[in-house]
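Colleague: Quick one: the structure is below, and I'll ask about it shortly.
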Amino acid sequence: MAKQGIKRQGRQQVEGVSKSGRAADVDVLQSLVTEMLLALGEKPGRNGLLKTPERVAKALAFMTQGYHRDIDQLLNGALFPIEYDEMVIVKDIDFFSMCEHHLLPFYGRVHVGYLPNKKVVGLSKIPRIVDAFARRLQVQERLTVQIAETLKSKLNARGVGVVVEARHLCMMMRGVEKQNTVAVSSSMLGTFRSQPQTRLEFLKLIRRGSVGDSD
Ligand SMILES: [Zn+2]
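Under my numbering, the letters of the sequence shown match residues 1 to 215, in that order.
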């Protein structure tokens with residue numbers, strides 16, 4: 001992480017943390033990481049580990065900054081009135097999150113579709129909504145539902161579909177050790193739930209090759 005991202009304000013804070021939320025306590029995290037290294041049988045004083053507690057604490061603060069994101073603030077000024085009423089799709093949004101059961105990463109792609117109701121959101125805001133919910137301790141199913149419900153309510157959309165495809169390091173490095181398993185979850189709301197036609201169109205569009213792919 002870039003050095004300029006860190007500010008010192010009594011307690012260390014990570015840039016981008018909204019004023020409304022309490023920032024992760026980097027100082028406390030740092031001493032806990034030292035304890036953890038000791039518990040693992042390591043010597044926190046050895047050369048390679050000297051700055052590790054500080055690095056881990058800052059990385060954790062960065063990876064959980066979604067707790068302090070205010071969605072209304074994030075969407076402020078990015079909702080536009082429009083007559084367009086066809087499906088809007090943003091697919092292949094990369095995300096990185098951390099499973100709340102093992103504190104190990106899970107990562108993959110999010111595909112989002114919605115049917116507007118006189119209002120659309122700036123396209124760049126959708127990945128930022130994904131990040132706001134991914135950068136927390138999560139389970140994939142909740143992440144999927146939170147993204148869908150947020151879009152549905154903030155846009156008053158007629159329907160929303162969200163599909164998340166992810167690999168979980170807790171499955172790949174330990175446990176079942178299935179390296180190639182991709183977990184897929186989806187949330188369909190409004191017309192995406194009530195109209196099979198709409199749902200199918202969405203699923204077909206997100207399955208097509210990316211722009212520029214030859215398929
Ligand atoms: Zn896990």
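Glycine is no exception: its CB is placed at the ideal position from the N, C-alpha and C atoms.
(1) According to DSSP, is residue 139 part of a helix, a strand, or is it coil?
(2) Any idea if residue 122 is buried or exposed, counting beta-carbon neighbours within 10 angstroms, 16 or more meaning buried?
(3) Alpha carbon to alpha carbon, what distance is there between residue 31 and residue 12?
(4) Give me the Cα-Cα distance between residue 21 and residue 75, rounded to the nearest whole angstrom.
(5) Using only the heavy atoms of ligand 1, determine whether one of them is closer than 7 Å to the beta carbon of residue 168.
(6) Rounded to whole angstroms, what's the CA-CA distance from residue 42 to residue 27? Just pull it up for me.
(7) Which whole-angstrom value describes the C-beta separation of residue 89 and residue 205, a residue pair presumed to lie in contact below a C-beta threshold of 8 Å?
(8) Specify, as a first and last residue, the run of the beta strand (DSSP E) that residue 165 falls within.
(9) For ligand 1, is there any heavy atom lying closer than 7 Å to the beta carbon of residue 137?
(10) If you measure between the beta carbons of residue 134 and residue 96, is that distance less than 8 Å?
(11) Over what stretch of residues does the alpha helix (DSSP H) that includes residue 128 continue unbroken?
(12) For a test of the three-state rule: what should DSSP assign to residue 21, helix, strand or coil?
(13) According to DSSP, simplified to helix, strand and coil, what is residue 69?
(14) Going by beta carbon distance, what residues of the same chain come within less than 8 Å of residue 83, once the five residues before and after it are set aside?
(15) Give the list of continuous alpha helix (DSSP H) stretches no shorter than 4 residues that lie fully inside the stretch 185-209.
(16) Which one of 104, 68, 111, 151 has the shortest CA to CA distance from residue 139?
(17) Quick check: residue 136 and residue 67, are their CB atoms within less than 8 Å of each other?
(18) Rounded to a whole number of angstroms, what is the C-alpha to C-alpha distance between residue 86 and residue 143?
(19) Below 7 Å, is the gap between the Cβ of residue 143 and the nearest heavy atom of ligand 1?
(20) In whole angstroms, what is the alpha-carbon distance linking residue 201 and residue 194?
(21) Mind listing, in chain order, the continuous alpha helix (DSSP H) runs of no fewer than 4 residues lying wholly within the stretch 38-69?
Modeller: Taking the definition as stated:
(1) In this structure, residue 139 counts as coil in the three-state DSSP scheme.
(2) So residue 122 counts as exposed.
(3) With a pLDDT of 47 at residue 12, under the threshold of 50, the modelled position of that residue is not reliable, and the figure given next carries that caveat. Rounded to whole angstroms, residue 12 to residue 31 spans 13 Å at the Cα level.
(4) Because residue 21 sits at a pLDDT of 49, beneath the cut-off of 50, its placement in the model cannot be relied upon, and the following sentence gives the value as read from the coordinates. Answer to the nearest angstrom: the Cα atoms are 17 Å apart.
(5) Yes, the Cβ of residue 168 comes within 7 Å of a heavy atom of ligand 1.
(6) Answer to the nearest angstrom: the Cα atoms are 20 Å apart.
(7) That belief holds up - the Cβ atoms of residue 89 and residue 205 are roughly 5 Å apart, short of 8 Å.
(8) Looking at the DSSP string, the run of the beta strand (DSSP E) that includes residue 165 is 159-168.
(9) The answer is no for residue 137.
(10) In contact: residue 134 and residue 96 (Cβ atoms closer than 8 Å).
(11) Taken as a continuous stretch (DSSP letters only), the alpha helix (DSSP H) holding residue 128 covers 125-134.
(12) Confidence at residue 21 is low in this model, with a pLDDT of 49, below 50, so its placement is unreliable and the value that follows should be read with caution. Coil.
(13) In the three-state reduction of the DSSP assignment, residue 69 falls in the coil class.
(14) 118, listed in sequence order.
(15) Within the stretch 185-209, the alpha helix (DSSP H) runs of at least 4 residues that lie entirely inside it are, in chain order, 191-194, 196-207.
(16) When 104, 68, 111, 151 are compared, the shortest CA-CA separation from residue 139 is found for 104.
(17) Cβ atoms of residue 136 and residue 67: closer than 8 Å.
(18) If you draw a straight line from the Cα of residue 86 to the Cα of residue 143, it is about 25 Å long.
(19) Annotation for residue 143 indicates a beta carbon at 7 Å or more from all heavy atoms of ligand 1.
(20) In this structure, the CA atom of residue 201 is about 13 Å from the CA atom of residue 194.
(21) As far as the stretch 38-69 is concerned, its whole alpha helix (DSSP H) runs of at least 4 residues are 52-63.
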